[in-house]
Amino acid sequence: MKYLSLFAFLSLFLVISCEDDDDLVQPQNIATTLEFRAAYGGADLAIQDATYDYPTGAQLKANLFQYYVSDLSLIDAAGNTLVLSEIDLIRYNSAADGPVVSRTYDVPAGDYVSVRFGLGVKPELNAIDPNNFAANDPLNENEFWSSVTRYVFAKIEANADLENDGTFDTGLTYHMGSDALYRTLTFTGNFTIDGTDDPRLVITADVLKALTDGTNTFDIADPAQRVIHGGNQAVGTEIWNRLAEQFSLTLEQ
Amino acid sequence: MRLRFPLLALVALLAACQPAEPTPFRPTEPDAYARILYPADNPTTLEGLALGRDLFYDPILSADSTISCASCHLPELAFTDGRALSTGISGRPGRRNTPSLTNIGYLHQTLFWDGRADDLESQALHPVADPNEMGGSWPLLISKLRRHPAYWPAFRRAFGLGEARELTPDHVGKALAQFQRSLISADTKYDRVQRGEATFTAEETIGHAIFFDLADEPATTFATLPTGECAHCHIPPHFTNQRFFNNGLDEVHQPKDFADAGRGAISGSPGDYGKFRAPGLRNLALTAPYMHDGRMNTLEEVVEHYNTGGHYAANRSANIYPLGLKPDQAAALVAFLKTLTDSSFVNNPAYRPRVNALK
Chain Z
0 MKYLSLFAFL
10 SLFLVISCED
20 DDDLVQPQNI
30 ATTLEFRAAY
40 GGADLAIQDA
50 TYDYPTGAQL
60 KANLFQYYVS
70 DLSLIDAAGN
80 TLVLSEIDLI
90 RYNSAADGPV
100 VSRTYDVPAG
110 DYVSVRFGLG
120 VKPELNAIDP
130 NNFAANDPLN
140 ENEFWSSVTR
150 YVFAKIEANA
160 DLENDGTFDT
170 GLTYHMGSDA
180 LYRTLTFTGN
190 FTIDGTDDPR
200 LVITADVLKA
210 LTDGTNTFDI
220 ADPAQRVIHG
230 GNQAVGTEIW
240 NRLAEQFSLT
250 LEQ
Chain R
0 MRLRFPLLAL
10 VALLAACQPA
20 EPTPFRPTEP
30 DAYARILYPA
40 DNPTTLEGLA
50 LGRDLFYDPI
60 LSADSTISCA
70 SCHLPELAFT
80 DGRALSTGIS
90 GRPGRRNTPS
100 LTNIGYLHQT
110 LFWDGRADDL
120 ESQALHPVAD
130 PNEMGGSWPL
140 LISKLRRHPA
150 YWPAFRRAFG
160 LGEARELTPD
170 HVGKALAQFQ
180 RSLISADTKY
190 DRVQRGEATF
200 TAEETIGHAI
210 FFDLADEPAT
220 TFATLPTGEC
230 AHCHIPPHFT
240 NQRFFNNGLD
250 EVHQPKDFAD
260 AGRGAISGSP
270 GDYGKFRAPG
280 LRNLALTAPY
290 MHDGRMNTLE
300 EVVEHYNTGG
310 HYAANRSANI
320 YPLGLKPDQA
330 AALVAFLKTL
340 TDSSFVNNPA
350 YRPRVNALK
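Here is the structure:
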């Protein structure tokens with residue numbers, strides 16, 4: 000009787016185990032890399048290592064380009080959202096680091112139809128002070144203005160040669176961010192992640208496109224348009240809007 | 000059956016040979032700071048901290064036992080030395096100004112003016128063999144420490160070492176890092192104002208507004224003040240963003256012409272030449288002279304430098320430009336900077352040599 004009970008218990012355990020195994024079958028996760036590429040006029044952005052033409056005839060050397068990304072997500076064919084990262088800071092401040100920032104995530108194999116992220120720090124995070132996050136959290140990257148103005152969502156810094164005399168002696172410093180400026184960007188594009196011939200997902204931001212749309216160009220000759228810091232965001236709204244609108248996703252094989 | 004007793008005795012003997020586990024310890028941290036990141040392979044312990052503290056003050060680390068870490072990092076000067084350039088063994092001049100160690104454990108990114116060390120553990124390994132600092136040799140030092148009647152048992156206890164040959168330079172770096180990670184300052188007047196325990200004077204209030212560009216903020220009462228543009232790089236709570244900048248110290252038209260390549264020598268990028276890590280400003284009033292080469296003797300000189308916009312370099316930070324500070328506004332900015340002094344930190348007996356330090 001004792002052995003019979005033991006046999007029955009083991010059998011039950013085996014059945015339960017098998018059922019659990021069936022339930023636990025998950026799509027295979029594939030290490031998937033997203034590349035954030037920075038450009039100027041279509042060319043790779045080289046911090047301090049290249050001289051760029053500006054539409055007004057001036058020339059620029061870039062010092063810094065960075066932006067926060069909230070809720071970076073993939074949307075699958077069924078409309079489900081897979082959040083890859085709640086918050087990240089994409090920063091280019093040395094030519095030594097190159098024009099591409101890569102991030103790798105475990106992504107379930109499947110068909111996807113779009114990539115989505117918020118440009119800036121989403122309001123619920125923007126309301127929280129940096130000391131509430133880990134010291135190595137993107138929100139502790141010292142991009143916090145104050146309890147009033149909160150996190151700096153994006154920065155473009157450069158030195159301009161306005162007189163074409165070979166000296167880049169006019170600083171341009173555009174720091175932007177506020178809850179009102181936060182934007183959600185969605186990029187459509189069908190792709191399959193299955194571990195074989197997966198596409199490279201490249202999100203490109205072009206600094207020049209933030210400064211000009213080809214018709215309207217930010218006037219860097221105007222001293223009032225060389226510095227956007229803290230609360231004077233009205234001046235920078237034009238840059239911010241163009242920055243938000245110019246991101247692109249390419250699927251490269 | 001007869002084997003049982005000898006086996007038990009052997010087990011007991013082996014257990015007795017193993018040093019006791021070191022005692023975990025975490026210094027109290029202020030709520031205003033994101034917590035220190037303790038490395039998984041070097042958690043602070045009472046034994047490691049005490050050992051690091053003793054090593055920090057002991058000239059045994061230098062080639063001729065004349066220079067200790069504290070020779071350049073004096074606690075009463077917020078762990079600086081009051082010299083333009085640090086002075087090493089036999090009076091040899093160092094290359095750069097000694098940086099403060101205030102809240103150094105919170106600076107989890109790169110260390111040194113040029114960021115050549117990734118963390119406190121590896122930073123601590125640099126000065127020992129640098130001919131212009133301690134001028135020593137790691138093999139000789141480790142040999143000395145392995146045979147030392149006081150230090151070897153202390154290393155053994157702090158890191159659970161079995162035999163002396165297990166002691167390596169990494170353990171020295173780890174012990175020193177544990178002590179440095181304990182150097183926490185959070186009781187400046189600035190901190191007390193943030194906590195609602197004190198108020199700035201009228202002059203400090205103006206300086207604070209200039210430092211933090213409050214004229215830029217909406218609906219401000221400081222709209223007529225200039226902006227100091229200080230907090231782009233010197234952002235609280237540690238008053239540094241730990242990144243590298245050219246702040247216009249010298250007029251330079253080609254990267255190769257910088258007298259000190261700074262970050263460029265580490266990254267290899269010409270665009271990084273002449274860039275140095277933004278230092279933390281806590282206890283700034285105690286850490287003169289200023290800049291990576293100690294060229295400025297007073298805070299007034301520093302503020303005047305930034306007020307002029309500095310000198311030309313193509314990679315000068317775009318946030319450095321003429322500020323238009325009037326003399327009283329420059330003085331107010333200096334007054335605010337002096338509120339970053341923490342006398343309880345520099346006088347903290349826990350940061351001074353132990354009474355019963357190892358010798």
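If you're matching them up, the sequences are chains Z and R in order. Okay, so the first sequence: first residue is 0 according to numbering that gives the first Met the number 0, each after it adds one. Okay, so the second sequence: first residue is 0 according to numbering that gives the first Met the number 0, each after it adds one. Every residue, glycine too, gets a C-beta built ideally from N, C-alpha and C.
Check                                                                                                                                                                                : Outcome
Which residues in the same chain as residue 20 of chain Z place their Cβ atom closer than 7 Å to its Cβ, once the five residues preceding and following it in sequence are excluded? : Reliability of the predicted coordinates at residue 20 of chain Z is poor, the pLDDT of 44 falling under 50, and the value obtained from them is presented with this limitation in mind. Within the same chain, residue 20 of chain Z has no close Cβ partners at all.
Take residue 248 of chain Z and list the residues in its own chain whose beta-carbon comes closer than 6 Å to its own, dropping the five residues that flank it on each side.        : 114, 186, 188, 202
Along the segment 125-147 of chain Z, what residues have a CB closer than 7 Å to any CB found in chain R?                                                                            : 129, 130, 132, 133, 134, 135, 139, 141, 143, 145, 147
At least one CB of chain Z closer than 8 Å to the CB of residue 107 of chain R: is that the case?                                                                                    : yes
What beta strand (DSSP E) runs, 3 residues minimum, are completely inside the segment 100-135 of chain Z?                                                                            : 109-118
Between residue 80 of chain Z and residue 72 of chain Z, what straight-line distance do the alpha-carbon atoms span, to the nearest angstrom?                                        : 6 Å
Should the segment 307-325 of chain R be regarded as contacting the segment 160-173 of chain Z, the criterion being three or more beta carbon pairs within less than 8 Å?            : yes
Find the residues of chain Z that neighbour residue 32 of chain R, judging by a C-beta separation of less than 9 Å, and give them in chain order.                                    : 130, 134
Using a Cβ-Cβ cutoff of 7 Å, what residues of the segment 160-174 of chain Z are near chain R? List them in chain order.                                                             : 166, 167, 168, 170, 171, 172
Examine chain Z for any beta-carbon lying closer than 8 Å to the beta-carbon of residue 59 of chain R, and answer yes or no.                                                         : no
Thinking C-beta only, is residue 35 of chain Z closer than 8 Å to residue 100 of chain Z?                                                                                            : yes
Which bits of chain Z does residue 317 of chain R rub up against, with CB to CB less than 7 Å?                                                                                       : 62, 156, 157, 158, 170, 171, 172
For residue 329 of chain R, which residues from the same chain have a beta carbon less than 8 Å from its beta carbon, with the 5 sequence-adjacent residues on both sides left out?  : 299, 302, 303, 306
What residues from the segment 222-240 of chain Z come within 7 Å of chain R, judged by C-beta to C-beta, listed N to C?                                                             : 228, 229, 230, 231
When you compare each of R:355, R:326, R:279 to residue 108 of chain R by their alpha carbons, which one comes out closest?                                                          : R:279
Is the segment 180-189 of chain R close to the segment 324-343 of chain R, with three or more CB pairs under 8 Å?                                                                    : yes
Please list, in chain order, the residues of the segment 211-223 of chain R that have any C-beta partner in chain Z closer than 9 Å.                                                 : 211, 212, 213, 214, 215, 216, 217, 218, 219
Which residues bound the beta strand (DSSP E) around residue 30 of chain Z?                                                                                                          : 28-39
In chain Z, which residues lie with their C-beta within 8 Å of the C-beta of residue 271 of chain R?                                                                                 : 47, 93, 94, 95
How would you list, in chain order, the residues of chain Z whose beta-carbon sits under 8 Å from the beta-carbon of residue 314 of chain R?                                         : 47, 60, 62, 158
Per DSSP, what are the beta-bridge partners of residue 75 of chain Z in this structure?                                                                                              : Z:111
Does residue 267 of chain R come within less than 8 Å of chain Z when only Cβ atoms are used?                                                                                        : yes
In chain order, what residues of the same chain lie with their CB nearer than 8 Å to the CB of residue 118 of chain R, ignoring the 5 residues before and after it?                  : 38, 107, 110, 176
Could you give the C-beta distance for residue 228 of chain Z and residue 226 of chain R, rounded to a whole number, given that I count them as a contact under 8 Å?                 : 7 Å
If we ignore side chains and look at the alpha-carbon of each, how far apart do residue 37 of chain Z and residue 157 of chain Z end up?                                             : 14 Å
Helix, strand or coil for residue 157 of chain Z per DSSP?                                                                                                                           : strand
For residue 21 of chain Z and chain R, any beta-carbon pair shorter than 8 Å?                                                                                                        : Here residue 21 of chain Z scores only 44 on pLDDT, less than 50, and its place in the model should not be relied on; the value that follows carries that caveat. No, its Cβ sits nowhere closer than 8 Å to a Cβ of chain R.
List the residues of chain C that residue 226 of chain R touches, going by C-beta distances under 9 Å, in chain order.                                                               : The chain labelled as chain C is not found among the protein chains of the depicted structure, namely Z and R.
Considering only the beta carbon of each residue, do residue 204 of chain Z and residue 245 of chain Z sit closer than 8 Å?                                                          : yes
Using the Cα positions of residue 22 of chain Z and residue 34 of chain R, report the straight-line distance between them to the nearest angstrom.                                   : Because the pLDDT of residue 22 of chain Z is 47, which lies under 50, any placement of that residue in the model is unreliable, and the number read from its coordinates should be weighed accordingly. For residue 22 of chain Z and residue 34 of chain R, the distance between alpha carbons rounds to 40 Å.
Which same chain residues, not among the five before or five after residue 353 of chain R, have their C-beta less than 7 Å away from its C-beta?                                     : 49, 52, 53
Say whether chain Z places a C-beta atom closer than 8 Å to the C-beta of residue 88 of chain R.                                                                                     : no
Quick one: what's got a C-beta closer than 6 Å to residue 66 of chain R's C-beta in the same chain, skipping five residues either side?                                              : 58, 88, 133
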